[in-house]
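Order-wise, the sequence lines are chains A and B. Counting in this note's numbering, the first sequence tops out at residue 391, every number present. Counting in this note's numbering, the second sequence tops out at residue 1391, every number present. Quick notes on the structure that follows.
2 protein chains.
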Amino acid sequence: MAIIVKKFGGTSLGSIDLICNIAHRIALEAGKGDSLVLIVSAMAKTTDELINLAYQISEHPSRRELDMLLTAGERISMSLLSLALQEEGYSSISFTGSQSGIITDERHGNARILNVNAFRIKEELEKGKIVIVAGFQGVSQKKEITTLGRGGSDTSAVALACYLQANKCEIYTDVDGIYTADPRIVPDAKLIPALDYSQILALSYNGFKVIHSRAVEFAYKYNIPVEVKSSFTFAPGTMLVNEKSFKEEDMEERHITAIAHKENLISYILPETEKSIHLLKNWNWEIFKYTVTDQQIELIIEDKYDKEIRYLLNQNEISILKTETGIGYVTLVGLGINLDPSFLAETLTLCHPFHIKRIQHSEKTIELMLPSSEVKDCVCTLHSAFIGSEK
Amino acid sequence: MAIIVKKFGGTSLGSIDLICNIAHRIALEAGKGDSLVLIVSAMAKTTDELINLAYQISEHPSRRELDMLLTAGERISMSLLSLALQEEGYSSISFTGSQSGIITDERHGNARILNVNAFRIKEELEKGKIVIVAGFQGVSQKKEITTLGRGGSDTSAVALACYLQANKCEIYTDVDGIYTADPRIVPDAKLIPALDYSQILALSYNGFKVIHSRAVEFAYKYNIPVEVKSSFTFAPGTMLVNEKSFKEEDMEERHITAIAHKENLISYILPETEKSIHLLKNWNWEIFKYTVTDQQIELIIEDKYDKEIRYLLNQNEISILKTETGIGYVTLVGLGINLDPSFLAETLTLCHPFHIKRIQHSEKTIELMLPSSEVKDCVCTLHSAFIGSEK
């Protein structure tokens, strides 16, 4: 009997109708006899609403209490989904992160998983129940409630799949899988049926939202079969795989696989002092990119964290030498494209209309920094030239 | 019956004694009944001597004639190895790249493999012969002799392993495998028994010499089992693998796997003009890193190519805005280390004695640019702090 772990994000659980729709589809699958473990996020907007409530009380709420507050979100969605499955005639049970044995370190708001000890899930599966688990949350060794930070539910799902030695981990989302670019920006973007971990990792680090980089890193590390697919249609999506299949033609061909982007970033330039280094040592926020030059540390971060970052720097008596808002990034991803400067040359030619501030590269990316306002046009231009529009 | 592809580099074939030693060890293995295909580089120093001869005749020899000249190097080593095997009592036959059906594009000096059509190798294996193939070389569709550029023999070996659907591709070299740092610099460096493709790729792009990044890219793309091992001892070395094994403790732990370095680099800053872009489109040299900022293109390249690069720029009427010599890089490699700024903080603290010019990062690297003269000390310092000395 196969064990399948399925993760549903907030937009997939955004209303009672959507929850009932998912329960109905799961009921159809449950009839086949597989053991099902469902990881849920909070219903769309719930988390933002809860955060908003906290900020109405305190300008800088403690992260411990925020964790306590936010974890209420998954309690709501998991119990509702469990009720909907019971209405479908199935036996189901919901567990918090703590009850599921997701043990984390102490970093409130951005905890990392140390270990999983989900014997309660195993017991309930053996009784034939569908198990629903709150994503995004865990418990520290001191029994404090923690949250896993951005992409936390994806990470919970992959960690549980790993512990349970699941046959598959399915990440359900509001798009059909991984596309060659964000289909909301590039209508011609194509669904990629199978893609290797290392390229997905590069895409997710550089702005692809359908699966979080932490979860990809985890899946790669422990070799967990993952599929990203639509929660509306349940149709086949994108499989994360290890290798490509053998191709006879042009064995060393290199091409751009997909284009990631990120908008609304802010750059902070800090002096490289002991205080700054100390702060980085205990840093708890997601950094998109950093660079160190001439005793200055540049941090590039999503601008929605601006207020918190400034407060943090102020509290630690670190002066900001310079900030710049409205920064965007467009990143080309493809195996070995850095080894062939003709990709850089073509990018430079195509990007003539845009105000490119900087281009860097890594093992499988070419990364363009440009004004956030030009990101969408730039993605469209590069997609049409490098990937094309044929479906 | 298994097919094993074994590649021997120039230092492994550097003298008649070494060639006879390898023939003897292969004879011991050949007795087990596997089909053996041996890919050879030119004997150590042969290539440099041939290049030197060419430059005595012409200051800027044509790359087509250079290819013709250099491919003599593998003819020598392969025929000598074949003779040594025959002395051992085995039946063997040597083939050039062209005879082996390694079809490439037209880029002399840096050709890429388009296809492999090695039916002659198959035929000879079926007759029970040990087949020896000249690495590093191929033939274009117009029947021109080409060479595959840096790391070419590794790439030949992996490409043939792919075509032959070999059970294993072994890269024999003058060290025991992949270490946590260059053991000539860090005596405490540890041999890594198994490492995943994506980290090896990051290491080889950033200066690890035991296997070339092109070959790793190829092996990753086509999922070829590769082992890097010593040509002196034939002892187990480093396996290139897809996944790590399951670990119960600290599942999301991140750590530095290994440290790569590169010395003696030179930086050229060029204006971002149409001429520069055109040159990059047809570029044929290995670039270590590039950055574009403020309409300026910075290329960082090994300084041994300096004369050729300057000639090329001059020929294309591209002015150099600035050059800087004596540049080095030290690169920390580890899955997800970019997501945890405490690695950056610790690096900054440790690197206090060095003159770090720039720090950047990618999905799995932290890259330090510093004076070439400080590279070795920096590698030792970081290795001792991040990886440690216990064997």
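Glycine residues also receive a C-beta, built at the ideal position from the N, C-alpha and C atoms. Just so it is clear, the structure is predicted and the values come from calculations on it, not from any experiment.
Give the straight-line distance between the Cα atoms of Gly1135 of chain B and Met1068 of chain B, rounded to the nearest whole angstrom. Here the question's residue 1135 of chain B lines up with position 135 in the second sequence. Here the question's residue 1068 of chain B lines up with position 68 in the second sequence. Near 14 angstroms, if we compare the C-alpha coordinates of Met1068 of chain B and Gly1135 of chain B.
Can you give the Cα-Cα distance for Ile1004 of chain B and Ser1079 of chain B, rounded to whole angstroms? Position 4 of the second sequence, counted from the start, is the residue given in the question as residue 1004 of chain B. Position 79 of the second sequence, counted from the start, is the residue given in the question as residue 1079 of chain B. Taking the straight line joining both Cα atoms gives about 20 angstroms.
Spatially closest choice to Ile300 of chain A from A:Val333, A:Asn264, A:Ile39, A:Ser319, by CA coordinates: As a working note, residue 300 of chain A is residue 300 in the first sequence. Nearest option by C-alpha distance: A:Asn264.
Under 7 angstroms by beta carbon: chain B residues contacting Gln360 of chain A: Sequence index remark: in the first sequence, residue 360 of chain A carries index 360 (1-based). What Gln360 of chain A touches in chain B: Thr1291, Gln1360.
Would a check of beta-carbon distances place Arg112 of chain A closer than 8 angstroms to chain B? Here residue 112 of chain A refers to the residue found at position 112 when the first sequence is read from its first residue. Yes, contact with chain B.
Using beta carbons (cut-off 8 angstroms, strictly below), is Ala1345 of chain B in contact with chain A? For the purposes of this step, residue 1345 of chain B is taken as the residue at position 345 of the second sequence. Chain A, which has a Cβ nearer than 8 angstroms to the Cβ of Ala1345 of chain B, makes this yes.
Counting only the same chain and skipping the five closest in sequence on each side, list residues whose C-beta sits under 6 angstroms from that of Leu38 of chain A. The sequence position of residue 38 of chain A within the first sequence is 38, counting from 1. If we look at Leu38 of chain A and ignore the five residues flanking it on each side, its Cβ neighbours are Lys6, Ile132.
Can you tell me which of the three DSSP states Ser92 of chain A falls into? If you number the first sequence from 1, residue 92 of chain A lands on position 92. Ser92 of chain A falls in the strand class under three-state DSSP.
Less than 8 angstroms between the beta carbons of Arg1075 of chain B and Thr1155 of chain B, yes or no? Locating residue 1075 of chain B in the second sequence gives position 75, where the first residue counts as 1. Locating residue 1155 of chain B in the second sequence gives position 155, where the first residue counts as 1. No. Outside cutoff.
Can you confirm whether Tyr172 of chain A, when its beta carbon is compared against all beta carbons of chain B, has any partner nearer than 8 angstroms? As a first step, residue 172 of chain A must be located in the first sequence, where it is residue number 172. Answer no: the Cβ-Cβ gap between Tyr172 of chain A and chain B never drops below 8 angstroms.
With DSSP run on the structure shown, which of helix, strand or coil describes Asn223 of chain A? Here residue 223 of chain A is taken as the residue at index 223 of the first sequence, counted from 1. Correct three-state label for Asn223 of chain A: coil.
With a Cβ-Cβ cutoff of 8 angstroms, do Val226 of chain A and Ile171 of chain A count as a contact? Stepping through the first sequence from its first residue, residue 226 of chain A is reached at position 226. Stepping through the first sequence from its first residue, residue 171 of chain A is reached at position 171. The answer is yes: Cβ separation under 8 angstroms.
Pull up the DSSP beta-bridge partners for Gln360 of chain A, would you. Position 360 of the first sequence, counted from the start, is the residue given in the question as residue 360 of chain A. In DSSP, Gln360 of chain A forms a bridge with A:Glu367.
Quick check on DSSP: helix, strand or coil for Asp17 of chain A? In the first sequence, counting from the first residue as 1, residue 17 of chain A sits at position 17. DSSP places Asp17 of chain A in helix when its eight states are reduced to three.
His1355 of chain B by DSSP, collapsed to three states: which one? Position 355 of the second sequence holds residue 1355 of chain B. Three-state result, His1355 of chain B: coil.
What is the C-beta distance between Thr146 of chain A and Ser153 of chain A, in whole angstroms, given that I count them as a contact (C-beta under 8 angstroms)? In the first sequence, counting from the first residue as 1, residue 146 of chain A sits at position 146. In the first sequence, counting from the first residue as 1, residue 153 of chain A sits at position 153. Not confirmed; about 14 angstroms, so no contact.
Beta carbon of Gly955 of chain B, beta carbon of Arg1120 of chain B: below 8 angstroms? The displayed coordinates of chain B run from 1001 to 1391. Any statement about residue 955 of chain B would go beyond what the structure contains.
Based on DSSP bridge pairs, tell me the residues matched to Ile1171 of chain B. Translated into the one-based positions of the second sequence, residue 1171 of chain B becomes position 171. According to DSSP, Ile1171 of chain B bridges with B:Lys1007, B:Val1228.
Using beta-carbon positions only, say whether Phe1218 of chain B and Ile1178 of chain B come within less than 8 angstroms of one another. For the purposes of this step, residue 1218 of chain B is taken as residue 218 along the second sequence, with counting starting at 1. For the purposes of this step, residue 1178 of chain B is taken as residue 178 along the second sequence, with counting starting at 1. Contact flag unset, no.
Since Val1228 of chain B and Ile359 of chain A should fall inside the 8 angstroms C-beta cutoff, what is the C-beta to C-beta distance between them, to a whole number of angstroms? Residue mapping note: residue 1228 of chain B aligns to position 228 of the second sequence, counting from 1. Residue mapping note: residue 359 of chain A aligns to position 359 of the first sequence, counting from 1. Between Ile359 of chain A and Val1228 of chain B the Cβ distance is about 33 angstroms, and since that is not below 8 angstroms, they are no contact.
Measure from the C-beta of Gly1336 of chain B to each C-beta in chain A and report whether the shortest distance is under 8 angstroms. Here residue 1336 of chain B refers to the residue found at position 336 of the second sequence. Judged by the 8 angstroms Cβ criterion, Gly1336 of chain B is in contact with chain A.
May I ask which residues mark the beginning and end of the beta strand (DSSP E) holding Val1241 of chain B? The residue given as residue 1241 of chain B occupies position 241 in the second sequence. Val1241 of chain B -> beta strand (DSSP E) spans 1238–1241.
Proximal chain B residues relative to Glu272 of chain A, where beta-carbon distance stays under 8 angstroms: Stepping through the first sequence from its first residue, residue 272 of chain A is reached at position 272. By Cβ distance, chain B contributes Leu1348.
For Pro271 of chain A, name the three-state secondary structure that DSSP assigns. Position 271 of the first sequence, counted from the first residue, corresponds to residue 271 of chain A. Pro271 of chain A: strand per DSSP, three-state reduction.
Grouping DSSP H, G and I as helix and E and B as strand, with all else coil, what is Ile39 of chain A? Your numbering for residue 39 of chain A matches position 39 in the first sequence. Correct three-state label for Ile39 of chain A: strand.
With 16 other Cβ atoms within 10 Å as the buried cut-off, status of Leu1321 of chain B: Numbered from its first residue, the second sequence carries residue 1321 of chain B at position 321. The residue in question, Leu1321 of chain B, is exposed, as its Cβ has fewer than 16 Cβ neighbours within 10 Å.
Three-pair Cβ contact test at 8 angstroms for the region 1094–1108 of chain B versus the region 1156–1171 of chain B: yes
Quick one: is Met1 of chain A buried, meaning 16 or more other Cβ sit within 10 Å of its Cβ, or exposed? Translated into positions along the first sequence, residue 1 of chain A becomes position 1. Exposed, since its Cβ has fewer than 16 Cβ neighbours within 10 Å.
From which residue to which residue does the alpha helix (DSSP H) around Ala1072 of chain B run? Here residue 1072 of chain B corresponds to residue number 72 of the second sequence, with the count starting at 1. First-last of the alpha helix (DSSP H) with Ala1072 of chain B: 1072–1087.
Can you tell me where the beta strand (DSSP E) holding Lys1326 of chain B begins and where it ends? One-based indexing of the second sequence puts residue 1326 of chain B at position 326. Strictly speaking, residue 1326 of chain B in this sequence is Gly, with Lys absent from that position. Looking at the DSSP string, the run of the beta strand (DSSP E) that includes Gly1326 of chain B is 1322–1333.
Gly963 of chain B, DSSP secondary structure in three states: This structure does not reach residue 963 of chain B, given that chain B is present from 1001 up to 1391, and the question cannot be answered.
Under three-state DSSP, which class holds Glu286 of chain A? The residue labelled residue 286 of chain A in the question sits at position 286 within the first sequence. Note: Glu286 of chain A maps to coil in three-state DSSP.
Proximal chain A residues relative to Leu1201 of chain B, where beta-carbon distance stays under 7 angstroms: Translated into the one-based positions of the second sequence, residue 1201 of chain B becomes position 201. Those within 7 angstroms of Leu1201 of chain B in chain A are Glu363.
Between which two residues does the beta strand (DSSP E) holding Leu1195 of chain B run? Numbered from 1 along the second sequence, position 195 holds the residue referred to as residue 1195 of chain B. It spans 1194–1196 - the beta strand (DSSP E) in which Leu1195 of chain B sits, taken as one unbroken run.
Report yes if the C-beta distance between Thr238 of chain A and Ala194 of chain A is below 8 angstroms; otherwise report no. The residue labelled residue 238 of chain A in the question sits at position 238 within the first sequence. The residue labelled residue 194 of chain A in the question sits at position 194 within the first sequence. Going by C-beta atoms, Thr238 of chain A is nearer than 8 angstroms to Ala194 of chain A.
For Gln1295 of chain B and Leu344 of chain A, the rounded distance between their alpha carbons: By one-based count along the first sequence, residue 344 of chain A stands at place 344. By one-based count along the second sequence, residue 1295 of chain B stands at place 295. One C-alpha to the other measures close to 13 angstroms.
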